[in-house]
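Per the numbering used here, the sequence shown starts with residue 1021, numbered consecutively. Just below is one structure, and these are the notes that go with it.
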Amino acid sequence: MRAKKKGLGRALKPLCPEDRIEALASLLNFRHNGLVIAIAQDWDRGEVLMVAFMDKEAFKRT
1021 MRAKKKGLGR ALKPLCPEDR IEALASLLNF RHNGLVIAIA QDWDRGEVLM
1071 VAFMDKEAFK RT
């Protein structure tokens, strides 16, 4: 059973200006199949929650 997602009903303000996101993306190596490794980690415990690959578009969105 999947939980229902609740939207905020409005667009969220980006955390970084778009030019800063581009600058950060330029520091990453997307050369291997256009992907980089993405790791989601619990802030308090340091536990790794997820390891995945993302492309440049996914990086810019997150």
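Backbone N, C-alpha and C fix where the C-beta goes; we use that ideal spot for every residue, glycine too.
Inter-residue Cα distance where the pair is residue i and residue j
i: residue 1075; j: residue 1066; result: 24 Å
i: residue 1056; j: residue 1049; result: 7 Å
i: residue 1058; j: residue 1051; result: 15 Å
i: residue 1060; j: residue 1073; result: 11 Å
i: residue 1081; j: residue 1039; result: 13 Å
i: residue 1070; j: residue 1062; result: 10 Å
As assigned by DSSP and simplified to three states, the class of residue i
i: residue 1031; result: coil
i: residue 1069; result: strand
Rounded distance between the beta-carbons of residue j and residue i, thought under 8 Å
i: residue 1079; j: residue 1045; result: 6 Å
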